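Report on the structure given below.
This is the structure we're talking about:
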């Protein structure tokens, strides 16, 4: 009789295995160190540094991140321009600086492109970048998710506190299933393991150990989605292992500190009015939009703050906090939050993100040769202004 056990399994072996985590977050946002690069940097080397700072695997599945425009003729990276959005003004700035790489937080190319012409402004900018030999890279939600990234920077505007992640990022677990089975002898175990390894060319199967008792030798292996069916078929061919076979579904391990949105329990509570002033200073803005929660006044105490850069309603919805901080929310989303007694502080979309560019510039510059200039755009700005 075949016993299928399907459950969520959390294995220390998986969590502690570097193969299940993207290359280290260790350089992400820790004390700066000098780069080992000494001469001009190739684009590939620069991308490696960016990947170490914020692995693209942290980006949301719907996002379009990474190298979006690659010049046909490789050239050393001498000047990097950081911008929140790639606009005509920013492209002109990049051309004037003889820029080699534009890091645009928002991806200028997002939806699938069937043609490149001058009618669409984003396609026009991509064409200009190619013609000028400028590479374009976008990190977007990988910067939001990474520990010490955009969302941590945003929520820190109200002061220090105990910070947690609202939507936890998960690791890249390539081994999604655990197969447990029993065989009669060491010889049979060796035969079964040899056949299992042949199921996927031996590229992904991992043995997690054996245990012997009076009923036989109990063994377990980890396998990928693609290797599951042939592995089960192999085990079913052996009468002893087929009668004891269990299949367990493995959870992807959470990555502590990484994910979308942040919740901060402030060490020192502030009033709503103080929160507004602190965020104005933090974001470098003279105006913000505030919706008081039901029963709140400007003198009400704020101790718990939920923050999500950009358009944060999908992440903040339902979170219990005294104050939401984000770039934009719809009219009805603000009403919903206010009705729950939560104040809402809005800065407009990109204003909740742009200030991080200066922080990232410092973190990137110390990891590159001194010959590489990292510049924050002077013309990048939110399209909306208070008039």
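Numbering (my numbering), first residue to last: 432 to 818.
Where is the CB? At the ideal position from N, CA and C, for every residue including glycine.
Just so you know, these numbers come straight off a predicted model, no measurement behind them.
A contact is defined here as three or more CB-CB pairs under 8 angstroms, and the region 479-490 meets this definition with respect to the region 570-581.
Residue pairing from DSSP places residue 568 in a beta bridge opposite 498 and 534. DSSP places residue 818 in the coil class of the three-state scheme, outside both helix and strand. Of all C-beta pairs linking the region 730-750 to the region 583-600, three or more are shorter than 8 angstroms, placing the two stretches in contact. In this structure residue 567 is not in contact with residue 808, their Cβ atoms being roughly 13 angstroms apart against a cut-off of 8 angstroms. The three-state secondary structure of residue 607, taken from DSSP, is coil. No residue range can be given for residue 810, since it is assigned to no alpha helix (DSSP H) and is classified by DSSP as neither H nor E. Counting other Cβ atoms within 10 Å of its Cβ, residue 815 stays below 16 and is therefore classed as exposed. The beta carbon of residue 506 lies closer than 7 angstroms to those of 531 and 564 in the same chain, with the five residues before and after it left out.
The continuous alpha helix (DSSP H) containing residue 708 extends over residues 703-714. By the Cβ-count criterion, residue 793 is exposed, with fewer than 16 other Cβ atoms from all chains shown falling within 10 Å of its own Cβ. Taking residue 745 as reference, the option from 702, 693 and 718 with the minimal CA-CA separation is 693. With fewer than 16 other Cβ atoms inside 10 Å of its own Cβ, residue 801 counts as exposed. Under DSSP, residue 654 takes part in a beta bridge, and its partners are 608. Per the C-alpha coordinates, the member of 533, 731, 676 and 719 positioned closest to residue 780 is 719. Distances from the alpha-carbon of residue 758 to those of 561, 813 and 731 put 813 closest. For residue 578, the number of other beta carbons within 10 angstroms of its own is at least 16, and it is reported as buried. Here residue 717 has 711 and 817 as same chain residues with Cβ atoms under 8 angstroms from its own Cβ, once five neighbours each way along the sequence are excluded. Cβ neighbours of residue 548 within its own chain (closer than 7 angstroms, five residues either side excluded): 554. For residue 762, the closest of 751, 669 and 776 by C-alpha to C-alpha distance is 776. Residue 534 and residue 502 do not touch by the CB rule: their CB atoms are close to 15 angstroms apart, not below 8 angstroms.
For the 8 angstroms CB-CB criterion, residue 651 and residue 665 do not form a contact. Taking residue 481 as reference, the option from 798, 811, 803 and 804 with the minimal CA-CA separation is 798. According to the DSSP assignment, residue 744 belongs to the alpha helix (DSSP H) that extends over 744-747. Residue pairing by DSSP puts residue 648 in a beta bridge opposite 614 and 643. Checking the DSSP bridge columns, you'll see residue 472 partnered with 508. With distances taken between CA atoms, residue 674 lies nearest to 647 out of 478, 689, 647 and 519. Rounded to whole angstroms, the gap between the alpha carbons of residue 643 and residue 681 is 24 angstroms. For residue 669, the three-state secondary structure derived from DSSP is coil. Rounded to the nearest whole angstrom, the C-alpha separation of residue 713 and residue 504 is 41 angstroms. Using a 10 angstroms sphere on the CB of residue 770, the tally of other CB atoms stays under 16, which defines it as exposed. Straight-line measurement puts the Cα of residue 586 at about 36 angstroms from the Cα of residue 551. For the pair residue 560 and residue 500, the Cα-to-Cα distance works out to about 7 angstroms. Where residue 679 is concerned, the enclosing beta strand (DSSP E) starts and stops at 677-681.
The bridge partners DSSP lists for residue 685 are 601. Going by beta carbons, residue 729 and residue 702 fall inside the 8 angstroms limit.
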